[in-house]
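Protein chains: 2
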Amino acid sequence: MTISLHAVSAGVFVRMLTNLDAILAKAEANAAERKFNPDVFVTSRLAPDMNPFSFQIQAATDRSKLFVARVTGQAAPVWEDNEKTFAEVRARLGKGLDYHKGIQAAQLDGLEDKMIPLKIRGDDVQWSALDYLNKNAMPNFYFHVTTAYDILRHAGVPIGKRDFTG
Amino acid sequence: MTISLHAVSAGVFVRMLTNLDAILAKAEANAAERKFNPDVFVTSRLAPDMNPFSFQIQAATDRSKLFVARVTGQAAPVWEDNEKTFAEVRARLGKGLDYHKGIQAAQLDGLEDKMIPLKIRGDDVQWSALDYLNKNAMPNFYFHVTTAYDILRHAGVPIGKRDFTG
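Chain order of the listed sequences is A and G.
Just so we're aligned, residue 365 is where the first sequence starts under our numbering, counting upward by one.
Just so we're aligned, residue 365 is where the second sequence starts under our numbering, counting upward by one.
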């Protein structure tokens, strides 16, 4: 009768990034059908002053990676944010997915009260791992995963919420 | 060293709906500045065959309400999905927020393994409360909250991710 920190963090990251990867596969197939280069999606965005699709994938993988690395005390893998093609963006998503798949429940479970040093809006703070998850890592993760979906949906890719929830 | 089910469910719902309410206030102010009726937002959407803004708020409040009601064994309040104006949509968000604010941690904590009868894609299933949260309630909740944000952002409302994360 206890909640595994792994289940509510890395487990969710794996699930949602797996679903998102399948959405990217549909976007790629749809571009082929509509006869345009899927690289067009890389810089697609919902507003001129909003970050593009590539950033959404970079941020979703970064925010989730940093949570796991900081809580487990590992060095986070460094990814360069230099993706220019749709294939590169999809490979970036794959790096995030592989990273989270490699995390064992025992590496995270029980660490919910561990104090994690963070910089939040310029301030140095210490939050429990659970607060970090609920107030920062998970809202940011879902924000970028959903916005990636919304950019593709807005661009006419035939996806539905079932693709998102898996 | 245990994770409260309330903290990872109703606590998150309260936090994110509070942030979303402030975003709606900004949208209303922005419509006044740009001299159009905020009711225009009610039917705004990201694609012609995607659900409008009003639906995103209805679904976010419904999905989160149903999780809490089913897990605690309460009857869920019934809301009619008849919102036509921006003020009505904002009031609907307020109903969801008030509902979650009224839930005490003790009503949810310890129920993570309770089996909940659900209908998932037409199939009758029983999922633990925690699986229901991770695989269904939370992805749906974040999907609709983020998409509500994305619709407003796409419509030119000057909001940023800090408004979303609070």
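Yeah, the Cβ is synthetic: ideal placement off N, Cα and C, and Gly gets one too.
Source: prediction; values computed, not measured.
Take the alpha-carbon of A519(G) and the one of Q468(A): they are about 42 Å apart. Remark: C-beta atoms of L482(G) and Y463(G) do not approach each other more closely than 8 Å.
The continuous beta strand (DSSP E) containing M479(A) extends over residues 479-484.
Here DSSP, grouped into helix, strand and coil, assigns S418(G) to helix.
Per the coordinates, the alpha-carbon of L494(G) lies some 44 Å from the alpha-carbon of E397(G).
For V453(A), the enclosing alpha helix (DSSP H) stretches over residues 450-465. For the segment 492-530 of chain G, the full-length alpha helix (DSSP H) segments reaching 4 residues or more read 493-496, 502-518, 525-529 along the chain.
Between D514(G) and L430(G), the C-beta gap is not smaller than 8 Å, which leaves the two residues out of contact.
In the assembly as shown, G460(G) is a buried residue. Its beta-carbon has 16 or more other beta-carbons within 10 Å. Chain G places no beta carbon closer than 8 Å to that of Y496(A), leaving this residue out of the contacts.
Within the segment 465-478 of chain G, those residues whose Cβ lies closer than 7 Å to any Cβ of chain A are, in chain order, G474, E476, D477.
Chain-ordered, the chain G residues with CB closer than 8 Å to the CB of G520(A) read A411. Taking all protein chains shown into account, F377(A) has 16 or more neighbouring C-beta atoms within 10 Å of its C-beta and is therefore buried. When Cβ-Cβ separations below 8 Å define contact, K399(A) makes no contact with chain G.
For P416(G) and N383(A), the gap between their C-alpha atoms comes out near 23 Å.
Excluding the 5 residues flanking it on each side, N394(G) has same chain C-beta neighbours closer than 7 Å at V521, P522, in chain order. Exposed is the label assigned to E444(G), since fewer than 16 other Cβ atoms lie within 10 Å of its Cβ.
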